[in-house]
Structure formats: structure tokens, C-alpha cells
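The next block holds one structure in the form of C-alpha cells; read it before the comments.
2 protein chains.
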Amino acid sequence: MPMAAHSPATTPNSGTSNLPLVRLELIDVGGRFAQSAGFPRSVGEIYGLLYLSAKPLSAPEIGEALSISKGSVSTGTRQLLALGFIRKVWVQSERKDHFEAVLELGDMLSSAYDRIFKVRAQNAERRLDAVQDSLELSRKEMTPEEHALIQERLERLAKIQKRAKQFLPLIERLIR
Amino acid sequence: MPMAAHSPATTPNSGTSNLPLVRLELIDVGGRFAQSAGFPRSVGEIYGLLYLSAKPLSAPEIGEALSISKGSVSTGTRQLLALGFIRKVWVQSERKDHFEAVLELGDMLSSAYDRIFKVRAQNAERRLDAVQDSLELSRKEMTPEEHALIQERLERLAKIQKRAKQFLPLIERLIR
DNA sequence: TTGTTTGTTCAATATATTTTGAACAAAATA
DNA sequence: TATTTTGTTCAAAATATATTGAACAAACAA
Chain A
42 MPMAAHSPAT TPNSGTSNLP LVRLELIDVG GRFAQSAGFP RSVGEIYGLL YLSAKPLSAP
102 EIGEALSISK GSVSTGTRQL LALGFIRKVW VQSERKDHFE AVLELGDMLS SAYDRIFKVR
162 AQNAERRLDA VQDSLELSRK EMTPEEHALI QERLERLAKI QKRAKQFLPL IERLIR
Chain B
42 MPMAAHSPAT TPNSGTSNLP LVRLELIDVG GRFAQSAGFP RSVGEIYGLL YLSAKPLSAP
102 EIGEALSISK GSVSTGTRQL LALGFIRKVW VQSERKDHFE AVLELGDMLS SAYDRIFKVR
162 AQNAERRLDA VQDSLELSRK EMTPEEHALI QERLERLAKI QKRAKQFLPL IERLIR
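First to last, the protein sequences are chains A and B. Under our numbering, think of the first position of the first sequence as 42, with each following residue one higher. Under our numbering, think of the first position of the second sequence as 42, with each following residue one higher.
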């Protein structure tokens, strides 16, 4: 369903931006994708805008097209730059920074995968180790039966984690 | 770092629950995992509580152990039941429903994968089709050059999606 | 140097999500 | 039947997250 950025589905885009429908829709797609990946909607909208832009856009242009503030543009572009989804480009006789989308989305997604999911997997592993350590610390508060039960169940978790660790590199290879 | 459910890291667990440290920690792990997967924290905490429980727990027991309300327990257990992460069990001479964790987490995660990620992939595919349709609708508002550029970029997206579609079943097989 | 433009930060505001708990419904008991 | 127990719903409150915009800083121009 066609939808202008930030506007309810039924209302047409409010005035200034004047982008063709297809671009407004991809802005919305980007926003939704960002949300489902745990990023602010505006970050995805910025990428969606730049992805279908014929030329690099300045921060004020982005803000005007999406009706978002200077601050949000600054924060959003910083995040996208850090993830490698956009780059700064120099535009002749312009002092403002300009941004363009990195089009190699496949590569970008795999690098985002690296940064996000690998770190998460590592954290999860460390965390589970800590839980297993604290099982021994809690030993005195428990009956031997309870201790054995918890130990067995934590070992199940460790096995799942091991399995996950093994197939993650395979996914990486497939994504690249 | 050890942490009682819902309490700041430095404060000990407030009174009634009296669970050993290791169980409090797994509750926290469950809560964080749920959050990273887009579920309410309390849903993960309920699973974490049940996962290390020697016996099935009633709704009031869950609420008391986690210091959450009747309503949250009801909502949380319903979600976990729908996902297949817990099951109801009948406990002799008890009228209350009792809940226990499904321990086959690997299986559960793959079925949750099915339900969530497959639907997302399908939605994304439909959505991109719609965007491509609207490119044709917007044709008159654009120069031929702009049209060609957008068409090319949308085709790139379609390719990425196709690739993603291909490797998703492989991941599934690995997870199972 | 001063004045202007551009970009960032962050406290305040707005928005979205989760949790609560009172009101209700459903089921079991007496 | 009436009474108690158990479970659900959903509007309101609490919490978490995103956005704004004024104040600040940094870069450049004159």
C-alpha cells in the first residue's frame, strides 16, 4: 500500500517533498526494514531515500524530503555511515556534506551481520558461561537433586549454543 | 553480572521469590534474549523461570517469582504457548493451570524461525513487487533517465531478495 | 580577527511499547 | 441455584525509545 513517509496511509504526502510514488514507497520499505532489524525507522527511511536518488543529497535535502529534523538526519547518517550503508561524497562547489547510498546491499548486509550477530553470539556465550559459574556459587542453597537438574539443563543450552556457533560461519559463506 | 529480575543490578531481589542466584540469572538471560528477538522482556523471563524449574508452576507462582502482574503472566504464557515454548500440564489435585518449559529449545527455535522469518521474507517479497508496480504508475512523473535508474536499482533489490530466499531453506536445514 | 555556514549534542518532548489491575467471564464447588 | 476460584481483557499508567530543536562547536570566509 502506497504511503508517504510518516503520514497515515490515507493522507497524501504533506507538501514540500514532491517525490514520485515509487520513491515514497521505498522510503517506507526502508523504514519498516530498519524497525524489524531494531533500528529507528528514520534510519531506514534515509537509506531508502538515498537508494533511489540519482545524485547525492545534503543533510538539509534529506531532512526536507523526509520531514525530519537536523538532529535526526545527523544521528541517522552517522549510524548509516558506521554500518557502511552510505558514504559521504564531495560535491563540486558545495560546502555541505553529501551522502549517497552504497548500492552493494548484499555486501552491506553481510557486514552488518558480522557486526551485529557475531557480537551477539559472543555475548550470549560469555553470558551462559557466567550462568554456569554461578551455578557452583549457588550450590549451598540447593539440594543435590536441584543442582543436578539445573546442571543438566544448562548443558542443553550450551549444546544449542555450540550448534549455533557451528552453523553461523556457514550462513556467512552463503550470504557473501 | 548477577541480577534479580526487574531490579537494578546493585539491589538484591526484593523479598518473596527466594530463588538461587543461578535461576535469577537465567531469568535475566531469557529476558534479554526475548528483547533482542522483539518480544517483551517478561515473556523471556517466564521461559527462563520455567526452564530451570524442577516442577510445573502455576500462574500465581510465576507472577510472584518474577514480581509481575496477573495480566502479564496471562499474556506472556499465551504467547509462549502459541510459539510452542511452553506447555500446560495438569497437576494432581490442583485446579490452577500449570506450565512447564519445552526443553527441546533447538526444535522450538527452528519452529519460531519458521513462523517469524518466513512470514517476514514473504511480506518483503510482496512489498517489493508492489514497489515495482508503482514504478510503472509513477512513470509519467519521471524523466526516462530517472525511470531507468530506479528500475535498475529495484532490480538489484530483487536479486538480493532472490538470493536470500535461496539460502533461507539451507539455514533451516542447518538449524534443525 | 569577526561573522557566517555547517554539523553535533543532548535535555526536553513526543511516540511507541509494555505492564498493571480492576472489571469481566468462565468454570468448578457446594 | 449462589459462591468461590481461576483466567482473560483492555483502558490507563508506567516505561522505553525516538525525535526535536536550541545551544554549542568546528570549519571556513572575509
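Glycine included, every Cβ here is placed at the ideal spot set by N, Cα and C.
At a cut-off of 7 Å, would you count V172 (chain A) as near the ligand HEM, judging by its Cβ distance to the nearest heavy atom?
This structure does not include the ligand HEM; it has no bound ligands of any sort.
Status (buried if at least 16 other CB within 10 Å, exposed otherwise) for L198 (chain B):
Label assigned to L198 (chain B): buried.
Consult DSSP for A142 (chain A) and reduce its assignment to one of helix, strand or coil.
Strand, per DSSP.
Sheet register partners of I127 (chain B) (DSSP bridge):
Beta-bridge partners assigned by DSSP to I127 (chain B): B:A142.
Take S83 (chain A) as the anchor and find which of A:R156, A:S110, A:N59 has the nearest alpha-carbon.
Nearest to S83 (chain A) by alpha-carbon distance, out of A:R156, A:S110, A:N59, is A:S110.
Cβ of L91 (chain A) within 8 Å of any chain B Cβ
No, L91 (chain A) does not count as interfacial toward chain B.
Within the continuous alpha helix (DSSP H) that includes I2 (chain B), where are the two ends?
The requested residue 2 (chain B) does not occur in the structure, where chain B is confined to residues 42 to 217.
What's the C-alpha gap between E102 (chain A) and D138 (chain A)?
Cα to Cα, the separation comes out at about 11 Å.
Residues that E196 (chain A) contacts on chain B, provided the C-beta gap is smaller than 7 Å
Neighbours of E196 (chain A) in chain B, taken as residues whose beta carbon is under 7 Å from its own, are absent, since the nearest beta carbon is some 11 Å off.
I want to see whether chain B comes within less than 8 Å of P218 (chain A), judged by CB atoms only; does it?
Because chain A spans 42 through 217 in this model, residue 218 (chain A) falls outside it and cannot be assessed.
Does the distance from the C-beta atom of L121 (chain A) to that of A106 (chain A) stay below 8 Å?
No, they are not a contact pair.
Length at least 4, wholly inside the region 73 to 120 of chain A: the alpha helix (DSSP H) runs in chain order
Counting only runs of 4 or more residues that sit fully inside the region 73 to 120 of chain A, the alpha helix (DSSP H) segments are 82 to 92, 100 to 107, in chain order.
For E141 (chain B) and A75 (chain B), what's the separation of their Cα atoms in angstroms?
Between the alpha carbons of E141 (chain B) and A75 (chain B) lies a gap of roughly 18 Å.
Cα-Cα separation, S113 (chain B) to A100 (chain B)
One alpha carbon belongs to S113 (chain B), the other to A100 (chain B), and they sit about 10 Å apart.
Helix or strand or just coil, what does DSSP make of N164 (chain A)?
Secondary structure of N164 (chain A) (DSSP, three-state): helix.
Since L144 (chain B) and R64 (chain A) should fall inside the 8 Å C-beta cutoff, what is the C-beta to C-beta distance between them, to a whole number of angstroms?
Approximately 49 Å separates the beta-carbon atoms of L144 (chain B) and R64 (chain A); this is outside 8 Å, ruling out the contact.
Strictly below 7 Å CB to CB, what residues from chain B border S175 (chain A)?
From the beta-carbon of S175 (chain A), the residues of chain B found nearer than 7 Å are P43, L62, V63, E66.
Would the beta-carbon of L67 (chain B) fall within 8 Å of that of L98 (chain B)?
The answer is no: Cβ separation not under 8 Å.
In angstroms with no decimal places, state the Cα-to-Cα distance between K96 (chain B) and G85 (chain B).
In a straight line, the C-alpha of K96 (chain B) is about 18 Å away from that of G85 (chain B).
Please classify L146 (chain B) as buried or exposed, where buried requires at least 16 other C-beta atoms within 10 Å of its C-beta.
A residue is called buried once 16 or more other Cβ atoms fall within 10 Å of its Cβ, and L146 (chain B) is buried on that count.
Would you mind stating whether V172 (chain A) and V70 (chain B) have Cβ atoms separated by less than 8 Å?
Judged by their CB atoms, V172 (chain A) and V70 (chain B) are nearer to each other than the 8 Å cut-off.
Our contact map puts S152 (chain A) next to G125 (chain A) with C-beta atoms below 8 Å; I'd like the distance itself, whole angstroms only.
Contact between S152 (chain A) and G125 (chain A) holds: their C-beta atoms lie close to 6 Å from each other, under 8 Å.
L178 (chain B) classed as buried or exposed, judged by whether at least 16 other C-beta atoms fall within 10 angstroms:
L178 (chain B) sits exposed, since fewer than 16 C-beta atoms from the chains shown fall within 10 Å of its C-beta.
By DSSP, does K181 (chain A) sit in helix, in strand, or in coil?
Helix, per DSSP.
Does any residue of chain B bring its CB to less than 8 Å from the CB of R204 (chain A)?
For R204 (chain A), a Cβ of chain B is located within less than 8 Å of the residue's own Cβ.
Can you find a C-beta in chain A that's less than 8 Å from the C-beta of R156 (chain B)?
Cβ-Cβ to chain A under 8 Å: no for R156 (chain B).
Residue from A:T116, A:P81, A:D155 with nearest C-alpha to L209 (chain A):
It is A:D155.
CB contact check: L144 (chain A) to chain B, cutoff 8 Å:
Residue contact with chain B for L144 (chain A): present (Cβ-Cβ distance below 8 Å to some residue of chain B).
If we ignore side chains and look at the alpha-carbon of each, how far apart do S175 (chain A) and S134 (chain B) end up?
Rounded to the nearest whole angstrom, the CA to CA distance from S175 (chain A) to S134 (chain B) is 35 Å.
If you draw a straight line from the alpha carbon of R119 (chain A) to that of Q192 (chain B), how long is it in whole angstroms?
In this structure, the CA atom of R119 (chain A) is about 28 Å from the CA atom of Q192 (chain B).
So, does the CB of E102 (chain A) fall closer than 8 Å to a CB anywhere in chain B?
Taking 8 Å as the threshold, the shortest C-beta distance from E102 (chain A) to chain B does not fall below it.
Nearest-angstrom Cα distance between K206 (chain B) and I157 (chain B)?
Cα to Cα, K206 (chain B) sits roughly 14 Å from I157 (chain B).
Taking the C-alpha atoms as reference points, what is the distance between P185 (chain A) and D170 (chain A)?
If you take the alpha carbons of P185 (chain A) and D170 (chain A), they lie about 21 Å apart.
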